[in-house]
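Here is the structure we will look at, set down as structure tokens.
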């Protein structure tokens, strides 16, 4: 017997026979469920569908699917959605914000009110695609050579748009957070943009779900005391809480 999740997935497959993609919000409205339910359906059911850059697409037909390897896995969706709602509340009218790479960024962007006018600086494809759905957002994409593994653009010249922009907030992602080794990530080619954004920004905000704590990855971003605020989905170990208090780093979860 066909389950409700299977019925919803099959309905989306039929819909995608006549269109290239369906926005996640539109798919949820069409099936009278939440966006989270759609994500869970596609994560738990074996099918050719995936959520890429805020859209439901048929991977068999969509040429861009290779860009979102991590997004297709939908890991820790509940945590990312929670963080997205939390961080989106810190986006104010006329902000100029640097959005780092990583799949959590698109959850943040999805939760930002369409009524808020802001400027976004990004260098990853998934953040750029999500930002396109914000009607009052002015997008600055830092271009260059496209890197397939992490879906980012890296500079091919000495000039960078961030040379001429001072964001008032920088949303920085990390794959590892450790009291001794600081914030780290997988890819060394991300470091230049992260470092420059943090140097230019008035407020550096570290964003990571709880699974990133007590992890160390190869590429060193910075020591934790370089951040003004840490936002996550649950309280970290007491050692981190004490460190943040001692160094005047805000902690929100």
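In the working numbering, the protein residues as written are 0 to 252.
Beta carbons: idealized from backbone N, C-alpha and C, even for Gly.
Since the structure is predicted, the reported quantities are computational estimates derived from the model, not experimental observations.
Is residue j closer than 8 Å to residue i when the C-beta atoms are compared?
{"i": "residue 220", "j": "residue 182", "result": "yes"}
{"i": "residue 166", "j": "residue 123", "result": "no"}
{"i": "residue 105", "j": "residue 126", "result": "yes"}
{"i": "residue 152", "j": "residue 120", "result": "no"}
{"i": "residue 113", "j": "residue 137", "result": "no"}
{"i": "residue 215", "j": "residue 177", "result": "yes"}
{"i": "residue 26", "j": "residue 33", "result": "no"}
{"i": "residue 139", "j": "residue 171", "result": "no"}
{"i": "residue 250", "j": "residue 243", "result": "yes"}
Ignore the nearest five residues each way along the sequence and tell me which others in residue i's own chain have a CB closer than 7 Å to its CB.
{"i": "residue 90", "result": "96, 111, 115 and 117"}
{"i": "residue 93", "result": "116 and 117"}
{"i": "residue 232", "result": "78, 81, 82, 208, 209 and 252"}
{"i": "residue 211", "result": "173, 174, 175 and 176"}
{"i": "residue 148", "result": "186"}
{"i": "residue 222", "result": "181"}
Sorted by chain position, which residues of the same chain lie with C-beta nearer than 8 Å to residue i's C-beta, five sequence neighbours on each side aside?
{"i": "residue 1", "result": "9"}
{"i": "residue 129", "result": "52, 53, 104, 105, 108 and 109"}
{"i": "residue 15", "result": "21, 48, 55, 56, 57 and 60"}
{"i": "residue 161", "result": "97, 120, 141, 192, 195, 196 and 199"}
{"i": "residue 35", "result": "76, 77 and 80"}
{"i": "residue 46", "result": "8 and 12"}
{"i": "residue 65", "result": "Because residue 65 sits at a pLDDT of 40, beneath the cut-off of 50, its placement in the model cannot be relied upon, and the point is left open."}
{"i": "residue 131", "result": "138"}
Measure from the alpha carbon of residue i to the alpha carbon of each residue in the options, then state which is nearest.
{"i": "residue 13", "options": "24, 88 and 55", "result": "55"}
{"i": "residue 51", "options": "78, 144 and 150", "result": "150"}
{"i": "residue 179", "options": "76, 239, 247 and 249", "result": "239"}
{"i": "residue 248", "options": "46, 228, 235 and 134", "result": "228"}
{"i": "residue 174", "options": "218, 164, 143 and 131", "result": "218"}
{"i": "residue 101", "options": "184, 226 and 234", "result": "184"}
{"i": "residue 133", "options": "190, 230, 24 and 226", "result": "24"}
{"i": "residue 44", "options": "18, 11, 29 and 19", "result": "11"}
{"i": "residue 88", "options": "230, 31 and 236", "result": "230"}
Among residues of its own chain, excluding the 5 on either side of residue i, which ones have a beta-carbon nearer than 6 Å to its beta-carbon?
{"i": "residue 169", "result": "97, 196, 197, 200 and 203"}
{"i": "residue 224", "result": "246"}
{"i": "residue 144", "result": "153 and 155"}
{"i": "residue 235", "result": "212"}
{"i": "residue 30", "result": "7"}
{"i": "residue 68", "result": "Below a pLDDT of 50, predicted positions are generally treated as unreliable, and residue 68, at 38, falls in that range; no measurement from the model is reported."}
Looking at C-beta atoms only, is the number of pairs between the stretch 39 to 49 and the stretch 1 to 15 that lie closer than 8 Å three or more?
Touching, yes, given that three or more Cβ pairs across the two stretches are closer than 8 Å.
Are at least three pairs of beta-carbons, each pair with one atom in the stretch 80 to 94 and one in the stretch 155 to 163, less than 8 Å apart?
No contact exists between the stretch 80 to 94 and the stretch 155 to 163.
What runs of the alpha helix (DSSP H), each 4 residues or longer, lie entirely inside the stretch 180 to 224?
Listed in chain order, they are 190 to 199.
Jot down the residue ranges of each uninterrupted alpha helix (DSSP H) in the stretch 13 to 55, minimum 4 residues, whole runs only, in chain order.
Qualifying alpha helix (DSSP H) stretches, in chain order: 23 to 30 and 34 to 43.
Which full runs of the beta strand (DSSP E) of 3+ residues lie inside the stretch 89 to 160, going along the chain?
The stretch 89 to 160 contains these whole beta strand (DSSP E) runs: 95 to 98, 117 to 121, 136 to 140, 144 to 146 and 151 to 153.
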